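Q: Chains as they are written, first to last, in full-length UniProt numbering: chain V, 1 to 277; chain X, 1 to 255.
#1: Quick check: the Cα distance between residue 167/V and residue 153/X, rounded to an integer number of angstroms?
#2: For residue 183/X, name the three-state secondary structure that DSSP assigns.
#3: Can you tell me the Cα-Cα spacing of residue 180/X and residue 28/X, whole angstroms?
#4: For a contact meaning CB atoms closer than 7 Å, what does residue 98/X contact in chain V?
#5: With 16 as the cutoff for other CB atoms within 10 Å, does residue 84/V come out buried or exposed?
#6: What did DSSP end up calling residue 289/V once you bin it into helix, strand or coil?
#7: Could you name each continuous beta strand (DSSP E) segment of 3 residues or more that falls completely within the segment 139-224 of chain X, going from the start of the chain to the end?
#8: Would you mind telling me which residues of chain X sit closer than 8 Å to residue 180/V, beta carbon to beta carbon, in chain order?
#9: Any idea what DSSP makes of residue 276/V, helix, strand or coil?
#10: Taking just the CA atoms, how far does residue 208/X sit from residue 202/X?
#11: In the DSSP assignment, the beta strand (DSSP E) including residue 2/X goes from what residue to what residue?
#12: Where residue 74/X and residue 184/V are concerned, what is the direct C-alpha to C-alpha distance, given to the nearest angstrom?
#13: Can you list the residues of chain X that residue 194/V reaches, using a CB-CB cut of under 7 Å?
#14: Let me confirm a value: residue 188/V is counted as buried when at least 16 other C-beta atoms fall within 10 Å, else exposed. Which label applies?
#15: Can you find a CB in chain V that lies within less than 9 Å of the CB of residue 102/X?
#16: In chain X, what lies closer than 8 Å to residue 177/V by C-beta?
#17: Check each candidate in 218/X, 189/X, 159/X and 210/X and name the one with the smallest Cα separation from residue 76/X.
#18: Enumerate in chain order the residues of its own chain whose CB-to-CB distance from residue 130/V is below 8 Å, with the five nearest sequence positions on each side excluded.
#19: Would residue 263/X pass as a contact of residue 246/X if the rule is Cβ separation under 9 Å?
#20: How about the segment 160-178 of chain X and the segment 129-142 of chain X: do they share at least three Cβ pairs that are nearer than 8 Å?
#21: To the nearest whole angstrom, what separates the beta carbons of residue 65/X and residue 149/X, a pair I think is in contact under 8 Å?
#22: Quick check on residue 63/V - is its C-beta less than 9 Å from some C-beta in chain X?
#23: On the DSSP letters alone, give me the boundaries of the alpha helix (DSSP H) that residue 104/X sits inside.
#24: Going by beta-carbon coordinates alone, are residue 230/V and residue 88/V separated by less than 9 Å?
#25: Please go through the same chain and pick out, in chain order, the residues whose beta-carbon is closer than 8 Å to the beta-carbon of residue 251/X, but skip the five residues on each side of it.
#26: Closer than 9 Å, CB to CB, is residue 1/V near chain X or not?
#27: Since residue 141/V sits in a beta bridge, which residues does DSSP pair it with?
#28: Could you confirm whether any beta carbon from chain V is found closer than 9 Å to the beta carbon of residue 86/X?
#29: Would you verify that the beta carbon of residue 267/X is, or is not, closer than 9 Å to some beta carbon of chain V?
#30: Please confirm whether residue 205/X has its beta-carbon closer than 9 Å to some beta-carbon of chain V.
#31: Between the segment 219-233 of chain V and the segment 189-200 of chain V, do at least 3 Cβ pairs fall closer than 8 Å?
#32: So, residue 234/X versus residue 194/X, is the Cβ gap smaller than 9 Å?
#33: Which whole-angstrom value is the C-beta distance of residue 106/V and residue 120/V, which I expect to be below 8 Å?
#34: Quick one: what does DSSP say residue 61/X is sitting in, helix, strand or coil?
#35: Can a CB atom of chain X be found closer than 9 Å to the CB of residue 201/V?
#36: Starting from residue 234/V, trace the beta strand (DSSP E) both ways and give me its first and last residue.
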């Protein structure tokens, strides 16, 4: 039996090179940074401004950011901005809320009842892919050139993605939780209200993100036909007058509108989905 | 209240899952059901609590559950089944709300069951903040809140690591010594079965049949003092199951 205590049995060649194990992990984990975005933004706008000032960018192609900002300030000062925003936000709110409420009801029915699902799912599959702008002329014939056709377009456009988000969300609620509810003799309505709806909320909120951006797209499209006020009408008019500074200002307002909506939904997710691991 | 399983057989489409199961769950006893994976033991438990219906046979209640029992047949699930958006208290209150128990009456019950499961300090926590063992204790507290006549436990410790499992097993024994609850305990872990079961029902592989019913006469509180006797029972159970488990392991799923 070899003597385990003698160090000579363990061969440690003194000549062997000693070095740390090479590191192979790391990467593939981008982190959010508060600093990069502002710097990048400032850099881009400075380049753009400089390009316009030095004449590298023709003002017919693209106005300087300062000119677009001036156009925006003119819009503010003349009081027109309030009128345009008021008209747009009204259409957006009516259309989106209407489409969302209807979508919630229909999507929930499709998520809960066999009969409703059989009727609704193929219907949604057939209508969802139609670009809703193509239906705008139909709505104008039905509802006239006024507000109704614009609201109807937005409503129709938000309805379908909401239905899909809701019934998909209901489908994805953990069946184990529903079975738990049944095993404790919870009523049907209790299970829907306390288990299914909160369980579908994450899918619902991401559905809201999609339906809100669709609503903004349709808003602008609808406002380009027969609207006096509205951001879409403002952009169309600017384009007709070749007023590039106003056009860029209008597009920037749309971007801000989209950012605000997504910020609001982000807040809602933070508040209502605190429980998510 | 006793429960009697009377000739339970079940088939999914053409596959026979359970074959003519008969046994009785006596009040105040813990019955363990063991068997190789896929033998239909969880399905059997769902029949006992009325969450599913067998194709043949029935589960009978013998005698009425105690009047104060809000939900006589109450499950404890392997994955805890806690609502992640409700706090610990909210999860327990969930099962009381539908019985019209709210406010101070609910608070009294919740405080009581939290104390019994040593969770009093965690009432306001969300499930995501709790460890697996704590989550299962919340599920046990929730089950106790409805004063069950029979607890139906579906592999309640299988999602936990072995140390937590050991602790929770002690808790279940302590709780039984205090309250003498009735339970039907499904597990694939023979050690849990011999530690907790007054009676162990051994199922064969699919289609599940009762291979044997083994009584373990050592009182629950003394079991850890007789490791040799316990080991003997466990070895006996393992010998019953060994070939079945091997064969079950080689079966194709859905074949």
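Yeah, the Cβ is synthetic: ideal placement off N, Cα and C, and Gly gets one too. Only a predicted model underlies this, so the values are computations on that prediction, with no experimental measurement involved.
A: In this structure, then:
#1: Separation of residue 167/V and residue 153/X (C-alpha to C-alpha, rounded to the nearest whole angstrom) is 32 Å.
#2: If DSSP states are grouped into helix, strand and coil, residue 183/X belongs with the strands.
#3: Computed Cα separation, rounded: 5 Å.
#4: Ordered by position in chain V, the residues that pass the 7 Å Cβ test against residue 98/X are 185, 186, 187 and 190.
#5: Flag for residue 84/V reads buried.
#6: Chain V is shown only over 1 to 277; residue 289/V falls outside these bounds and no answer can be derived.
#7: If we require 3 residues or more, the beta strand (DSSP E) runs fully inside the segment 139-224 of chain X come out as 150-154, 183-186, 199-203 and 210-215.
#8: Residues of chain X whose Cβ lies closer than 8 Å to the Cβ of residue 180/V are, in chain order, 75, 77 and 81.
#9: DSSP places residue 276/V outside both helix and strand once states are collapsed to three, so it counts as coil.
#10: Between the C-alpha atoms of residue 202/X and residue 208/X there is a straight-line separation of about 9 Å.
#11: Counted as a single uninterrupted DSSP element, the beta strand (DSSP E) harbouring residue 2/X occupies residues 2-12.
#12: Using only the alpha carbons, I get a separation of about 7 Å.
#13: Residues of chain X whose Cβ lies closer than 7 Å to the Cβ of residue 194/V are, in chain order, 94.
#14: Residue 188/V sits exposed, since fewer than 16 C-beta atoms from the chains shown fall within 10 Å of its C-beta.
#15: With its beta carbon at least 9 Å from every one in chain V, residue 102/X lies outside the interface.
#16: Within 8 Å Cβ-Cβ: 81 and 83.
#17: Nearest to residue 76/X by alpha-carbon distance, out of 218/X, 189/X, 159/X and 210/X, is 159/X.
#18: No residues qualify anywhere along the chain.
#19: The displayed coordinates of chain X run from 1 to 255. Any statement about residue 263/X would go beyond what the structure contains.
#20: The answer is yes - the segment 129-142 of chain X touches the segment 160-178 of chain X, with three or more Cβ pairs under 8 Å.
#21: Contact holds; Cβ gap of about 4 Å.
#22: Chain X has no Cβ within less than 9 Å of the Cβ of residue 63/V.
#23: That run of the alpha helix (DSSP H) goes 103-116.
#24: Yes, Cβ-Cβ distance for residue 230/V and residue 88/V is below 9 Å.
#25: In its chain, beyond the 5 residues on either side, 38, 205 and 206 have a beta carbon closer than 8 Å to the beta carbon of residue 251/X.
#26: Because residue 1/V sits at a pLDDT of 49, beneath the cut-off of 50, its placement in the model cannot be relied upon, and the following sentence gives the value as read from the coordinates. Residue 1/V does not count as touching chain X.
#27: The partner list for residue 141/V (beta bridge, DSSP) is empty, contrary to what the question assumes.
#28: Answer yes: the Cβ-Cβ gap between residue 86/X and chain V drops below 9 Å somewhere.
#29: The question about residue 267/X has no answer here: the residues shown for chain X are numbered 1 through 255.
#30: It does not: the Cβ of residue 205/X has no partner Cβ on chain V nearer than 9 Å.
#31: No, they do not touch.
#32: Contact flag set, yes.
#33: Contact check for residue 106/V and residue 120/V: beta-carbon distance about 6 Å, within the 8 Å limit, so the pair qualifies.
#34: Residue 61/X falls in the strand class under three-state DSSP.
#35: Yes, residue 201/V lies at the interface with chain X (some Cβ there is under 9 Å from its Cβ).
#36: Per DSSP, residue 234/V is not a residue of any beta strand (DSSP E); the alpha helix (DSSP H) it occupies stretches across 231-240.
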